[in-house]
Amino acid sequence: AQTVTQSQPEMSVQEAETVTLSCTYDTSENNYYLFWYKQPPSRQMILVIRQEAYKQQNATENRFSVNFQKAAKSFSLKISDSQLGDTAMYFCAFMKRESGANNLFFGTGTRLTVIP
Amino acid sequence: EPEVTQTPSHQVTQMGQEVILRCVPISNHLYFYWYRQILGQKVEFLVSFYNNEISEKSEIFDDQFSVERPDGSNFTLKIRSTKLEDSAMYFCATNKRGGQGDTQYFGPGTRLTVL
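One line per chain: the protein sequences are A and B, in this order.
Residues 1 to 116, numbered by my numbering, are exactly what the first sequence covers, in order.
Residues 1001 to 1115, numbered by my numbering, are exactly what the second sequence covers, in order.
Quick look at the structure:
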């Protein structure tokens, strides 16, 4: 079974500053994907970034980047130049890499508040 | 940009009533999923669906739940006899290639309130 742990229930950051959200996971799988989803107050689930476990290079998407440490089973999200619109719940998620339908396993989320 | 849509956005029902939640997947997507999020809690997997049959289901997805794709476009989740604890956001998600690294795209969710 897969588990995803987010140990920071809430975080805050000043606008324009950088913040890092933590995520660890436990799995016996070797091939998998990791995701960060953002859930603003509208409660829509929006993909922020994804990482393939077989790639050593950390994924980046504009102001968002990850620090993927496969041996440590750690997958943190760094948000640079934080903006007010980044205020949301952030969920880390895991998905096995195999054929067929594979569901996401989510962490409990981190509520991020960007302070003006 | 294509997106997943869900209706209704909010459903209020009495305990014991049947509800049907609807999802319209992105047109070339083949794998469909339902997730549930009880207020303040994490998102939990309910069921996955491919080729007109259930691929996998969680322990939450008991006999009160069913899914189908009746007309080749809508993907529905039915709860036969709602309970108070079914109150939650229900998200539909879809992707093209299942577990082969394909990102799941979520709909905006249906907020179900059981009174």
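All C-beta atoms in this analysis are idealised placements derived from N, C-alpha and C, irrespective of residue type, glycine included.
1. In the DSSP assignment, the beta strand (DSSP E) including Asn1095 of chain B goes from what residue to what residue?
2. I'd like to check one pair, Ser82 of chain A with Glu15 of chain A: are the Cβ atoms closer than 7 Å?
3. Within 7 Å of any Cβ in chain A, is that where the Cβ of Thr1103 of chain B sits?
4. Taking only beta-carbon positions, decide if Ser1066 of chain B is within less than 7 Å of chain A.
5. Under a CB-based cut-off of 7 Å, is Pro1108 of chain B close to chain A?
6. Ignoring anything shorter than 4 residues or poking outside the segment 25-105 of chain A, list the alpha helix (DSSP H) runs there in chain order.
7. Which residue marks the beginning of the beta strand (DSSP E) containing His1010 of chain B, and which one marks its end?
8. Please report the distance separating the alpha-carbon of Tyr1050 of chain B from that of Lys1096 of chain B.
9. What residue range is occupied by the uninterrupted beta strand (DSSP E) comprising Lys1057 of chain B?
10. Return no unless some Cβ of chain B is closer than 7 Å to the Cβ of Leu77 of chain A.
11. If you drop the 5 nearest sequence neighbours on each side, which residues of the same chain put their C-beta closer than 6 Å to that of Thr87 of chain A?
12. How is Leu1021 of chain B classed by DSSP in three states: helix, strand or coil?
The relevant details are as follows:
1. Ala1088 to Asn1095
2. yes
3. yes
4. no
5. yes
6. none
7. Per DSSP, His1010 of chain B belongs to the beta strand (DSSP E) from His1010 to Thr1013.
8. If I take the Cα positions, the gap works out to 10 Å.
9. Glu1053 to Lys1057
10. no
11. Thr113 and Val114
12. strand
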